[in-house]
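Participant: Structure in structure tokens, see below.
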Amino acid sequence: AQRVTQPEKLLSVFKGAPVELKCNYSYSGSPELFWYVQYSRQRLQLLLRHISRESIKGFTADLNKGETSFHLKKPFAQEEDSAMYYCALRGSGNTPLVFGKGTRLSVIA
Amino acid sequence: GAGVSQSPSNKVTEKGKDVELRCDPISGHTALYWYRQSLGQGLEFLIYFQGNSAPDKSGLPSDRFSAERTGGSVSTLTIQRTQQEDSAVYLCASSLAWTGEFGQYFGPGTRLTVT
Numbered sequence: 076a077q078r079v080t081q082p083e084k085l086l087s088v089f090k091g092a093p094v095e096l097k098c099n100y101s102y103s104g105s106p107e108l109f110w111y112v113q114y115s116r117q118r119l120q121l122l123l124r125h126i127s128r129e130s131i132k133g134f135t136a137d138l139n140k141g142e143t144s145f146h147l148k149k150p151f152a153q154e155e156d157s158a159m160y161y162c163a164l165r166g167s168g169n170t171p172l173v174f175g176k177g178t179r180l181s182v183i184a
Numbered sequence: 007g008a009g010v011s012q013s014p015s016n017k018v019t020e021k022g023k024d025v026e027l028r029c030d031p032i033s034g035h036t037a038l039y040w041y042r043q044s045l046g047q048g049l050e051f052l053i054y055f056q057g058n059s060a061p062d063k064s065g066l067p068s069d070r071f072s073a074e075r076t077g078g079s080v081s082t083l084t085i086q087r088t089q090q091e092d093s094a095v096y097l098c099a100s101s102l103a104w105t106g107e108f109g110q111y112f113g114p115g116t117r118l119t120v121t
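If you're matching them up, the sequences are chains B and W in order. Our numbering numbers the first residue of the first sequence as 76 and each following residue consecutively. Our numbering numbers the first residue of the second sequence as 7 and each following residue consecutively.
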């Protein structure tokens with residue numbers, strides 16, 4: 076079974092502090108992992124794909140198959156990073172995403 | 007170009023009524039997905055269409071829920087005899103079949119409130 080766990084419902088950090096949003100997954104094969112973000116009153120949008128190993132808006136995420144994790148990190152949080160963040164997994168093929176329940180990040184000035 | 011669009015943006019209905027929610031995917035996207043976003047529950051997969059293949063209905067919560075996709079483009083999600091627990095934001099997403107690794111593009115959602 077495919078499962079994505081985001082253990083924190085809410086994460087509050089001060090501006091300039093490092094951020095780590097945790098994501099753990101359960102999947103027997105080789106998964107594709109994604110981070111999606113939803114800013115206030117905006118639609119859900121793709122933030123990162125593990126396959127591209129890119130950095131978007133200062134965020135990075137490394138797939139750790141040993142720990143089955145895909146934590147999202149940013150060294151210095153900004154107020155505009157405040158949003159809802161969802162970790163998602165897709166198994167083989169163009170199949171539906173399995174989402175975690177999301178973590179609300181609040182960056183305090 | 008235009009993104010995924012959904013209508014209506016908000017729908018308030020009485021318990022027991024039927025509702026139809028519409029999704030217009032990005033032109034050329036062969037895969038279309040419906041999800042439900044409930045408070046505290048994250049996003050829940052409902053149904054998935056891929057080209058002309060039979061849809062994957064494994065996520066539909068009950069037989070009151072159905073969806074169709076006409077002409078490989080527009081999709082309609084129908085909820086019959088709505089219940090209060092159906093209240094949620096219904097999201098539609100689309101993607102290109104052969105570039106699924108780029109993720110799915112989401113619409114703005116339809117907020118359904120069942121009174």
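All residues carry an ideal CB built from backbone N, CA and C; glycine is no exception. These figures come from a predicted structure and were not determined experimentally.
(1) Alpha carbon to alpha carbon, how far is Gly77/W from Gly22/W? Give it in angstroms, no decimals.
(2) What does the alpha-carbon distance come out to for the pair Tyr2/W and Phe51/W?
(3) For Asp69/W and Val88/B, I'd like the C-alpha separation in whole angstroms.
(4) At the level of alpha carbons, what is the spacing between Tyr43/B and Gly133/B?
(5) Closest to Ala92/B by CA distance: which of Val79/B, Asn99/B and Gln153/B is it?
(6) Looking at the unbroken beta strand (DSSP E) that takes in Val182/B, where does it start and where does it end?
(7) Are Tyr111/B and Gln117/B touching if we call contact CB-CB under 8 Å?
(8) On a CA-only basis, which of Ser93/W, Ser15/W and Ala99/W is nearest Gly34/W? Give me that one, please.
(9) Please give me, in chain order, every unbroken run of the beta strand (DSSP E) with length at least 3 that falls completely inside the region 101-142 of chain B.
(10) With DSSP run on the structure shown, which of helix, strand or coil describes Glu26/W?
(11) The beta strand (DSSP E) that contains Lys17/W, what's its start and end?
(12) Is there contact here, the region 156-164 of chain B with the region 94-112 of chain B, by at least three beta-carbon pairs under 8 Å?
(13) Could you spell out the range, first to last residue, of the beta strand (DSSP E) harbouring Cys98/B?
(14) Take Leu49/W as the anchor and find which of Gly166/B, Ala76/B and Thr80/B has the nearest alpha-carbon.
(15) Closer than 7 Å by beta-carbon distance: list the chain B residues that pair up with Pro123/W, in chain order.
(16) In terms of residue numbering, what span does the beta strand (DSSP E) encompassing Glu74/W cover?
(17) Which chain W residues sit within Cβ distance under 8 Å of Gly175/B?
(18) When you compare each of Leu147/B, Thr143/B and Glu83/B to Ser103/B by their alpha carbons, which one comes out closest?
(19) Chain W partners of Phe109/B, CB-CB under 7 Å?
(20) Have a look at Gln86/W, Gly9/W, Glu26/W and Val18/W and flag the residue whose alpha-carbon is nearest the alpha-carbon of Arg75/W.
Facilitator: So, from the listed chains and residues:
(1) For the purposes of this step, residue 22/W is taken as residue 16 along the second sequence, with counting starting at 1. For the purposes of this step, residue 77/W is taken as residue 71 along the second sequence, with counting starting at 1. Cα to Cα, Gly22/W sits roughly 30 Å from Gly77/W.
(2) Only positions 7 to 121 of chain W appear in this structure, which leaves residue 2/W out of reach.
(3) Numbered from 1 along the second sequence, position 63 holds the residue referred to as residue 69/W. Numbered from 1 along the first sequence, position 13 holds the residue referred to as residue 88/B. A straight-line Cα-Cα distance of about 44 Å links Asp69/W and Val88/B.
(4) Outside the displayed span of chain B (76 to 184) sits residue 43/B, for which this structure offers no information.
(5) In the first sequence, residue 92/B corresponds to position 17, counting from 1. Taking only the C-alpha atoms, the option nearest Ala92/B is Gln153/B.
(6) Within the first sequence, the letter at position 107 stands for residue 182/B. Here the beta strand (DSSP E) through Val182/B covers Thr178 to Ile183.
(7) For the purposes of this step, residue 111/B is taken as residue 36 along the first sequence, with counting starting at 1. For the purposes of this step, residue 117/B is taken as residue 42 along the first sequence, with counting starting at 1. No.
(8) The residue you call residue 34/W lines up with position 28 of the second sequence. When only C-alpha atoms are compared, the closest one is Ala99/W.
(9) 107-113 and 120-124
(10) Within the second sequence, residue 26/W is the residue found at index 20, counting from 1. Glu26/W: strand per DSSP, three-state reduction.
(11) Residue numbering aside, residue 17/W sits at position 11 when the second sequence is read from its first letter. Run containing Lys17/W: Asn16 to Thr19, per the beta strand (DSSP E) assignment.
(12) yes
(13) The residue labelled residue 98/B in the question sits at position 23 within the first sequence. Element bounds for Cys98/B: n/a, residue is neither H nor E.
(14) Your numbering for residue 49/W matches position 43 in the second sequence. When only C-alpha atoms are compared, the closest one is Thr80/B.
(15) Absent from the model: residue 123/W. The displayed extent of chain W is 7 to 121, so no value can be given.
(16) Locating residue 74/W in the second sequence gives position 68, counting from the first residue. From DSSP, the beta strand (DSSP E) with Glu74/W extends over Phe71 to Arg75.
(17) Here residue 175/B is taken as the residue at index 100 of the first sequence, counted from 1. Near Gly175/B (Cβ distances below 8 Å), the residues of chain W are Gly48.
(18) Within the first sequence, the letter at position 28 stands for residue 103/B. When each option's Cα is compared against that of Ser103/B, the closest is Thr143/B.
(19) Indexing the first sequence from 1 puts residue 109/B at position 34. The contacting residues are Gly109.
(20) Within the second sequence, the letter at position 69 stands for residue 75/W. The option with the nearest alpha carbon to Arg75/W is Glu26/W.
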